[in-house]
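Undergrad: Residue numbers (the numbering used here), protein chains in the order written: chain A, 517 to 922; chain B, 737 to 842. From the three backbone atoms N, C-alpha and C, an ideal C-beta is built for every residue, glycine too. Note that the structure is a prediction, hence the values are computed from the model and not measured. Got a structure for you, questions after.
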């Protein structure tokens, strides 16, 4: 429980005063480098909890499907919109001899079949979008003990919130998604994510533990140093409005308005399109929960959706970083940035400029993650020291540990 | 026996239409390169509805196994389809599409 701390409390240690249960001690490096710890994260978190795997709009028509590879749960999942318009999810594994039903072309594979079916490429077994096995070539050659009705796809829990599709691969009963999201859903649910219908995405595989990558984006303290080139003195490091929602967390990042870069090109771009975070944005698309006092220096909400999604929301913009563990020392990083489709060429130009600026910043972030991890592997440092404005990282460490030790 | 299938405008240019005839038999109707075609709806290989497939190069591609049939003749065009399906000449009268076919209960 949060203790009552005045929102005007700006003195060092304010977040530790608000959330004393998180402690102040240095935190062990071991969860980042120990393969055994990662094995427990897989068992207790990635195979047991809800994971964000798709947007509803990635499945625009009946029969549209997406296959999401989940190394962290030793599987890949078919998410398909049926002829009844319901989105369901299944393991991408054939009942015949276990082949992947949909042949995957990467971490994310998209397709559509008007019949609302998927067909295994090996022997042609066909499954409908409810998972039922509907066609087996040479069915009469199987023995009498084989029952088509009992050999559908293996379904996994699937539910949606605000246009986001989640799955939970735990074969047993699970906590309802709404309950898992808790206050986080109330905080962001009023934002119209679907209104941002344009964007870009970058992804890369990093040689580091997934928490190293996630932590790298979960504070604004690094911006002054790493992003001195892209965002000089724009975000100076303090975060505001920290709120914890069970395993999830959020805060707001503020602009140093007086330090916003004033260049003729940048000014032109920012006048024409809302694409860059390094500009005063307004609040016409924000629900009352975000920037409630409509402060001019509010730049964006920086939040973490447990276990491994960072969701950022700003005026007319939202983006996610998703950190998919591949192994204890390898992470797939996917950055997806959404904004409103440009209506004119000048808006498109403004947007392209913002995209390049954002790409530069993300490239600047990339360098440190693998370096951090190599240094961690040296064993020279057993602990990391977090300051008060790195409270989101501290919360993440504590929450992960609670699940792992549960 | 003469069967009325549907109105001309009922068949979209980009996807086949499934039509159940008055005797219960089901056919697929195609609108391809300005002309209309009709075949049985049921694939002779894997029990799929061909109306759930799509037309490519004058052949309907089955949604189950990607085999195909000529929409003019019903002859198989691509494996695993090997048995032909029935195809019907489509006539147009009063804005409606019609085929000649022996009724299932005859």
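Assuming residue 836 of chain A and residue 728 of chain A are in contact, meaning their beta carbons sit under 8 Å apart, how far apart are those beta carbons, in whole angstroms?
TA: Going by Cβ atoms, the distance from residue 836 of chain A to residue 728 of chain A rounds to 18 Å, so no, they are not a contact pair.
Undergrad: So residue 588 of chain A is in the beta strand (DSSP E); what residue range does that whole segment cover?
TA: Per DSSP, residue 588 of chain A belongs to no beta strand (DSSP E) and is neither H nor E.
Undergrad: By alpha-carbon positions, which one of A/800, A/884 and A/794 ends up nearest to residue 815 of chain A?
TA: Checking every option, the nearest Cα to that of residue 815 of chain A belongs to A/794.
Undergrad: Look at residue 780 of chain B and residue 817 of chain B and say whether their C-beta atoms are less than 8 Å apart.
TA: Closer than 8 Å, so yes.
Undergrad: List the whole-angstrom C-beta distance separating residue 900 of chain A from residue 543 of chain A, where the pair is believed to meet the contact cut-off of C-beta under 8 Å.
TA: About 6 Å separates the two Cβ atoms, so the contact holds.
Undergrad: Determine the chain B residues that contact residue 763 of chain A at a beta-carbon separation under 8 Å, and present them in chain order.
TA: The contacting residues do not exist; residue 763 of chain A stays about 42 Å from chain B at best.
Undergrad: If you count every other CB in all the chains shown that lies within 10 Å of the CB of residue 737 of chain B, and 16 or more means buried, which is it?
TA: It counts as exposed.
Undergrad: Excluding the five sequence neighbours on either side, which residues of its own chain have a C-beta within less than 8 Å of the C-beta of residue 876 of chain A, listed in chain order?
TA: If we look at residue 876 of chain A and ignore the five residues flanking it on each side, its Cβ neighbours are 745 and 746.
Undergrad: Quick check: is the beta carbon of residue 517 of chain A nearer than 8 Å to any beta carbon in chain B?
TA: In this prediction, residue 517 of chain A scores a pLDDT of 49, lower than 50, which makes its location untrustworthy; no coordinate-derived value is stated.
Undergrad: Residues in its own chain within less than 7 Å of residue 864 of chain A by CB, not counting five upstream and five downstream?
TA: So the qualifying residues of the chain are 858.
Undergrad: For the candidate residues A/798, A/743, A/525 and A/702, whose alpha-carbon lies nearest to that of residue 678 of chain A?
TA: It is A/702 whose Cα lies nearest to the Cα of residue 678 of chain A.
Undergrad: If you follow the beta strand (DSSP E) that residue 755 of chain A is part of, which residue opens it and which one closes it?
TA: Residue 755 of chain A -> beta strand (DSSP E) spans 755-761.
Undergrad: Which residues does DSSP list as the beta-bridge partners of residue 766 of chain A?
TA: Beta-bridge pairing links residue 766 of chain A to A/759 and A/819.
Undergrad: Is it true that the CB of residue 782 of chain B sits closer than 8 Å to the CB of residue 761 of chain B?
TA: Going by C-beta atoms, residue 761 of chain B is not nearer than 8 Å to residue 782 of chain B.
Undergrad: Cβ closer than 9 Å: which chain A residues qualify as neighbours of residue 784 of chain B?
TA: Result: 631, 633, 642, 650 and 651.
Undergrad: By a C-beta neighbour count over all protein chains shown, 10 Å radius and 16 as the cutoff for buried, is residue 769 of chain B buried or exposed?
TA: Exposed.
Undergrad: Could I get the ranges of all uninterrupted beta strand (DSSP E) runs contained in the segment 651-719 of chain A, with 3 residues as the minimum, in chain order?
TA: Those beta strand (DSSP E) runs which fall completely within the segment 651-719 of chain A and span 3+ residues are 671-677 and 680-684.
Undergrad: Listed in chain order, which residues of the segment 785-800 of chain B have Cβ atoms closer than 8 Å to some Cβ of chain A?
TA: Flagged, chain order: 785, 788, 789, 790, 799 and 800.
Undergrad: Which of the three DSSP states is assigned to residue 790 of chain B in this structure?
TA: Of the three classes helix, strand and coil, the one that applies to residue 790 of chain B here is strand, per DSSP.
Undergrad: Does the segment 611-621 of chain A come close enough to the segment 631-649 of chain A that 3 or more CB-CB pairs lie under 8 Å?
TA: Contact between the segment 631-649 of chain A and the segment 611-621 of chain A is present, because at least three Cβ pairs lie under 8 Å.
Undergrad: In angstroms, rounded to a whole number, what distance separates the CA positions of residue 870 of chain A and residue 791 of chain A?
TA: Computed Cα separation, rounded: 5 Å.
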